[in-house]
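Here's the structure, in structure tokens; my notes come after.
Protein chains in written order, with this note's numbering: chain B, 648 to 830; chain R, 1032 to 1590.
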């Protein structure tokens, strides 16, 4: 039994039962299917995380974001408690869109057009954060010092919320942002 | 050299038990159970806080409890118990003396002191950094130091295990090759060395950073190396609990592996490929290429998954073969219906097997698929998955083994046998609920490690769908079941170990234990019931896998 040395000294020469061998082969092939499914999706699928990323200095990233905000702010939105204002920024389709993650907010609020492509740049200015777009449910890790770049095409109209889903201290559960998608 | 007076002969198994080894096994197992109780209590507090209607703890206590929960159960309980399993699988199963028992005690004390230091650091409140302690969030220096001391202790324990294997071979205490269970334990120990080395590589600089001697730690590098410890340590658990499955099947039913060769090959796959799993935690991160992610997340084309899939058939297959050899041959499932379901060791083991496969296993592969991970990363799906592996799989298997260690090693009868019978089912149902409800909430986007999903104090407003709140409530109820199961386990174990009636002479472990000599040749092996179970499993796996690709295709396009 499994608690004692194998009864047959040359256990590696024992034949394998057919049912067991069949399962090993099926399981191995299934592994290949799953492996190549990921490769295939890079060719044929529409949802792939880009491989584009840069090391970035938080201040430089902050500056680029500020420039976008200065140029394309279309409205302001007050915080729920009314003490703060978030700029609502509507960069033209096809351009670079910057989003800052910091303790404890996503800044600024973005207004995008449905069906248009945007080049998203996301970075953290301080700790690790998690970009979790709800209710679409796209989830990305946001690092300080790394600028993640990818192309995003909003498919639905409406107000979407960015939740922080990486623990980032005591204010973590209040860290929200918005992406507004209009026609 | 071994002195004869240091040994006793086990009247039930006929094994020669080295008393210093037995004392080490007892100490490690008892401390493990104590930390399970502490960590489990923290877990209950976490679940009751996330149950929005109860919302038990304030925010700072919630994050503190969550940090302590992860450390105490995922690290301390499991590793202490694994060290006990390693000593059992080497010294006891091989009839050998244990190597350097003094080093074994040094390992024990280092692990205990390390674990206590980490707990003190967390309870002091300045180290609520979660189990993962991602930089640049900083914990108190003794938080990292405690972890390092604990890890070095565990490494010494692995060294004692390796030394014992060498001694047993040298002194010819067994014939031929290692028993399969010892082979599985060896797999776990080899992975443990890799794991602990990775831990040292990342935790030592992080400790130096916390005292100001290192100025900067790169966040991506930290995550990559930390998870070489964090995920690999879960693979120690897998190897160890699979070894425990084989051990329980052998002790209770006299089951014998249907093929030594295949089962050992499956363990070998773990050693060769499981270390790549750090990538599972980096699939949604910038700075790593898709080629790297795909190769690593799939353990080089799912070869480690293949190992688990093999055990998933060979363990129930060996049970079926043993039962059929005893005459339970009617239809597909008489062997399973007539299995000793009233024996908590068997019940816990079989529930662990089924839930690890169906819940933890399938969800793990889906979650670890590069693109599908985009829908699940850092949502509650992740803890849902790993409660299916580490709690339903590892913890339940270890609990089941305890019901055999109490009479065999502690030489006491299990007290409150009726409660003990109920325990695996109660705990199992609770964990099943925890896993499934958290995965459900994760599918709806609910964040893990989050104090308030109603966002009451946030500057902007947001609501998760009402179903998410319902699922979190159900999760809280399931956690109550699991906690009750855990409490019964602790009560039964502690009272049996200290106050149980002493075992005299031979004891009955299960319905007709004792080795089944032969199942007949490979050509005549009949395990149709297992074939049906595996087919059902495989069908679920394939369907669930492709359903998730379908969901993914509905996401906003991104590249």
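Using N, Cα and C, we set each Cβ at its ideal position, and we do this for glycine too. These numbers come from a predicted model, not from an experiment.
Query, Result
"Inter-residue Cα distance where the pair is residue 1456 of chain R and residue 1370 of chain R", "15 Å"
"CB of residue 1469 of chain R within 7 Å of CB of residue 1559 of chain R, strictly", "no"
"Contact the region 1437-1456 of chain R vs the region 1340-1360 of chain R: 3+ CB pairs below 8 Å", "no"
"Min CB distance residue 781 of chain B to chain C below 7 Å", "Judged by its chain identifiers, the structure shown contains no chain C, and its protein chains are B and R."
"Spatial neighbours of residue 1009 of chain R in its chain, beta-carbon cut-off 7 Å, leaving aside the 5 residues before and after", "For residue 1009 of chain R there is no data in the structure shown, the boundaries of chain R being 1032 and 1590."
"Rounded separation between residue 1233 of chain R and residue 815 of chain B - CA only", "20 Å"
"C-alpha gap between residue 1509 of chain R and residue 1458 of chain R, whole angstroms", "9 Å"
"Any C-beta of chain B under 7 Å from that of residue 1354 of chain R", "no"
"Residue 1461 of chain R: first and last residue of the uninterrupted alpha helix (DSSP H) it sits in", "1448-1474"
"Close beta carbons around residue 1055 of chain R, own chain, < 6 Å, minus the five adjacent residues each side", "1118 and 1135"
"CB-CB length for residue 1514 of chain R against residue 1434 of chain R, believed under 8 Å", "Residue 1514 of chain R to residue 1434 of chain R, Cβ: 19 Å. No contact."
"Pair within 7 Å by beta-carbon distance, residue 1114 of chain R and residue 1188 of chain R", "yes"
"Own chain, CB closer than 7 Å to residue 1053 of chain R, minus 5 neighbours either side, in chain order", "1440"
"Neighbourhood of residue 1450 of chain R by C-beta, 8 Å cutoff - its chain only, sequence neighbours within 5 removed", "1519, 1522 and 1523"
"Minimum C-alpha distance to residue 1367 of chain R - residue among R:1301, R:1563, R:1423 and R:1447", "R:1563"
"Interface flag, residue 1414 of chain R vs chain B, CB-CB below 7 Å", "no"
"Segments assigned beta strand (DSSP E), at least 3 residues, entirely inside the region 763-794 of chain B", "765-771, 776-781 and 785-789"
"Test: residue 807 of chain B CB closer than 7 Å to a CB of chain R", "no"
"Members of the region 744-774 of chain B near chain R, C-beta cut-off 7 Å", "752 and 774"
"Spatial distance of residue 1049 of chain R from residue 1204 of chain R (CA atoms)", "12 Å"
"CB contact below 7 Å: residue 653 of chain B versus chain R", "yes"
"Given 8 Å, three or more beta-carbon pairs between the region 1211-1218 of chain R and the region 1292-1305 of chain R", "yes"
"Nearest candidate by alpha-carbon position, reference residue 1210 of chain R, set R:1485, R:1532, R:1314 and R:1288", "R:1288"
"Residue closest to residue 1268 of chain R, alpha-carbon to alpha-carbon, out of R:1557, R:1576 and R:1418", "R:1418"
"Of the residues R:1534, R:1462 and R:1529, the one placed nearest residue 1506 of chain R, counting alpha carbons only", "R:1462"
"Run of the beta strand (DSSP E) containing residue 811 of chain B, from where it starts to where it stops", "805-811"
"Cβ neighbour criterion (16 or more within 10 Å) applied to residue 747 of chain B", "buried"
"Beta-carbon proximity of residue 1353 of chain R to residue 1285 of chain R, cut-off 7 Å", "yes"
"8 Å contact criterion, which residue 706 of chain B and residue 735 of chain B should meet: CB distance rounded", "So it is not a contact: roughly 24 Å between Cβ atoms."
"Whole-Å CB distance - residue 768 of chain B paired with residue 752 of chain B, under 8 Å assumed", "Incorrect: roughly 17 Å between the Cβ atoms, too far for contact."
"CB contact below 7 Å: residue 790 of chain B versus chain R", "yes"
"Cβ neighbour criterion (16 or more within 10 Å) applied to residue 739 of chain B", "exposed"
"Extent of the continuous beta strand (DSSP E) run through residue 1103 of chain R", "Taken as a continuous stretch (DSSP letters only), residue 1103 of chain R belongs to no beta strand (DSSP E), as it is neither H nor E."
"Residues of the region 727-744 of chain B with Cβ closer than 9 Å to any Cβ of chain R, in chain order", "727, 728, 730, 731 and 733"
"Interface flag, residue 1081 of chain R vs chain B, CB-CB below 7 Å", "no"
"The region 1035-1049 of chain R in contact with the region 1123-1139 of chain R per 3-pair CB rule at 8 Å", "yes"
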